[in-house]
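I have placed the structure first, in the form of structure tokens, so that the comments after it can refer back to it.
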Ligand SMILES: [Zn+2]
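Residue numbers (the working numbering): 33 to 428.
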């Protein structure tokens with residue numbers, strides 16, 4: 033089967049499903065709305081032969097898991113998609129689904145309803161044409177990725193632990209390259225306790241927590257090191273009680289980004305070692321790693337080399353990219369599971385009012401996903417047949 037040609041012929045079906053997904057608005061914080069989408073996604077999955085399990089969640093939308101267990105033994109490929117978006121219900125009234133040329137606009141369309149549409153349609157169409165590989169394929173659709181996957185991380189990790197490869201369908205880069213490195217994030221709050229006093233009558237009796245915070249903030253900001261991919265920023269500050277009271281407390285939130293765990297460890301040790309500048313001030317630090325880094329380590333390079341072979345055979349771009357922000361790929365990569373990210377649609381305007389996908393990218397992205405599902409060779413899998421290189425197909 034010529035994958036690119038096949039998915040070009042079926043692109044209208046992908047677009048139709050994508051529009052249906054976008055019309056079901058699903059902001060992370062609105063469980064009811066997300067569950068409406070979840071029920072729809074589960075129906076779509078059952079219709080293409082998946083065994084579907086819904087994992088209930090009280091505070092966010094229920095998670096949907098699908099499995100096509102195939103007939104061949106071996107480790108499954110796990111597809112990860114998130115159903116939640118950053119757009120509140122009602123956004124569609126301002127930002128309707130509409131198409132201009134090759135651009136299809138809508139809230140959450142790129143991040144990442146296009147990824148969901150691709151996953152469902154690629155598997156569904158392959159199955160319909162008896163091309164679905166015999167290996168097990170699993171897919172997990174979570175509901176709080178935009179808020180750090182607090183309610184889904186455990187399940188993601190539990191399922192991913194069995195997988196031989198994890199594919200994350202976050203949006204593609206501008207050049208349709210694959211994401212092989214994502215920075216990790218840590219967040220720490222620094223709490224500073226001083227002592228209040230009237231700032232006119234007896235300021236010398238006070239200990240100014242805001243002044244202390246100012247010293248500490250500049251110290252922390254000095255750790256910023258863009259040359260090694262480290263970014264340190266203080267983006268939230270609170271403190272004080274009134275204009276004429278020496279500020280008794282202050283706190284600030286530090287956002288730390290890093291490309292390796294070693295760098296994370298170094299920064300975290302530094303933040304825990306902060307010492308007050310003024311005598312008598314009490315300083316406490318609370319926080320932790322929000323998402324571990326997805327490192328471009330030896331395993332990632334190895335995983336990428338197989339990706340590059342498959343992309344090259346399709347005549348698609350063979351390149352990789354680093355991304356500053358995190359996704360669920362950070363969790364699975366940090367577990368040591370081979371992981372590729374950014375396999376979703378190409379477009380622009382993530383979390384912005386011009387959010388759109390380039391509909392002509394969808395067949396290329398579908399062909400790539402299909403090729404990975406069909407032709408991936410798991411490492412060290414006994415009995416894995418050697419895959420004949422598929423013929424070179426028409427380029428993009
Ligand atoms: Zn996303």
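A virtual CB, placed ideally from N, CA and C, is assigned to each residue, including glycine.
Grab me the residues of residue 317's own chain with a C-beta within less than 7 Å of its C-beta, minus the 5 sequence neighbours each way, in chain order. By the criterion of a C-beta distance shorter than 7 Å, residue 317 is surrounded in its chain by 220, 222, 303, 304 and 306, once the five residues flanking it on both sides are discounted.
Do you know how far the Cα of residue 231 is from the Cα of residue 136? Computed Cα separation, rounded: 59 Å.
If the criterion is Cβ atoms closer than 9 Å, does the pair residue 402 and residue 172 meet it? No, the Cβ-Cβ distance between residue 402 and residue 172 is not below 9 Å.
How many angstroms separate the CA atom of residue 154 from the CA atom of residue 252? In this model, residue 154 and residue 252 are separated by some 47 Å (Cα to Cα).
Per DSSP, what are the beta-bridge partners of residue 132 in this structure? In DSSP, residue 132 forms a bridge with 135.
How is the alpha helix (DSSP H) around residue 52 delimited, first residue to last? That run of the alpha helix (DSSP H) goes 43 to 55.
CA-CA distance, residue 212 and residue 240? In a straight line, the C-alpha of residue 212 is about 46 Å away from that of residue 240.
Drop a sphere of 10 angstroms on the beta-carbon of residue 236, count the other beta-carbons inside from all chains shown, and report buried for 16 or more, exposed for fewer. When all chains shown are included, residue 236 counts as exposed.
Rounded to a whole number of angstroms, what is the C-alpha to C-alpha distance between residue 255 and residue 298? Using only the alpha carbons, I get a separation of about 11 Å.
Helix or strand or just coil, what does DSSP make of residue 373? In this structure, residue 373 counts as strand in the three-state DSSP scheme.
Closest Cα partner of residue 73 within the set 148, 39, 89 and 45: Comparing Cα positions, the closest option is 148.
Residue interval of the alpha helix (DSSP H) (run including residue 163): Careful: residue 163 lies outside any alpha helix (DSSP H) and carries neither H nor E.
Return yes when the Cβ of residue 40 is within less than 9 Å of the Cβ of residue 349, no when it is not. Contact flag unset, no.
Just grab the DSSP bridge partners of residue 312 for me. As DSSP reads the structure, residue 312 sits in no beta bridge.
Do residue 202 and ligand 1 come close, with the Cβ less than 8 Å from some heavy atom? Flag set: Cβ of residue 202 near ligand 1.
Distance check for residue 210 and residue 192, CA to CA, integer angstroms please. Going by the C-alpha atoms only, they are around 20 Å apart.
Could you tell me the boundaries of the alpha helix (DSSP H) in which residue 268 lies? Segment 263 to 271 is the beta strand (DSSP E) holding residue 268; no alpha helix (DSSP H) there.
Return the residue from the list 390, 238, 177 and 331 that minimises the CA-CA distance to residue 130. Restricting attention to 390, 238, 177 and 331, the CA atom closest to the CA of residue 130 is found in 390.
If you run the structure through DSSP and keep just helix, strand and coil, what is residue 80? Residue 80 carries a coil assignment under DSSP once its states are collapsed to helix, strand and coil.
Can you list, in chain order, the residues of its chain with a C-beta nearer than 8 Å to that of residue 127? Leave out the 5 residues immediately preceding and following it. Within the same chain, residue 127 has close Cβ partners 119, 137, 138, 139, 385 and 387.
Check whether the Cβ of residue 58 sits closer than 8 Å to any heavy atom of ligand 1, and report yes or no. In this structure, the C-beta of residue 58 stays at least 8 Å away from each heavy atom of ligand 1.
Which residue's Cα is closest to the Cα of residue 323: 362, 352 and 341? Cα-wise, what sits closest to residue 323 is 362.
Could you give the first and the last residue of the continuous alpha helix (DSSP H) run that contains residue 191? If you look at residue 191, you'll find it in the alpha helix (DSSP H) that goes 185 to 192.
From which residue to which residue does the beta strand (DSSP E) around residue 218 run? 216 to 225 is the extent of the beta strand (DSSP E) around residue 218.
From residue 425 to residue 398, what does the alpha carbon distance come to, in whole angstroms? Confidence at residue 425 is low in this model, with a pLDDT of 39, below 50, so its placement is unreliable and no value can be given for it.
Report the three-state DSSP secondary structure of residue 335 (helix, strand or coil). Judged by DSSP in its simplified three-state form, residue 335 adopts helix.
Measuring straight from C-alpha to C-alpha, what distance separates residue 157 and residue 150? Straight-line Cα distance between these residues: approximately 10 Å.
Using beta-carbon positions only, say whether residue 271 and residue 242 come within less than 9 Å of one another. Yes, Cβ-Cβ distance for residue 271 and residue 242 is below 9 Å.
Mind checking whether the beta-carbon of residue 380 lies closer than 8 Å to any heavy atom of ligand 1? Set against 8 Å, the gap from the CB of residue 380 to the closest heavy atom of ligand 1 is not smaller.
So, do the segment 172 to 186 and the segment 265 to 283 have three or more beta carbon pairs nearer to each other than 8 Å? The segment 172 to 186 is not in contact with the segment 265 to 283.
Does ligand 1 have even one heavy atom less than 8 Å from the beta-carbon of residue 144? Flag set: Cβ of residue 144 near ligand 1.
Local conformation of residue 359 per DSSP, three classes: Reduced to three states, the DSSP call for residue 359 is coil.
Excluding the 5 residues preceding and the 5 following residue 429 in the sequence, name in chain order all residues of the same chain whose CB lies nearer than 7 Å to its CB. Lying outside 33 to 428, the shown extent of the chain, residue 429 is not represented and no answer is given.
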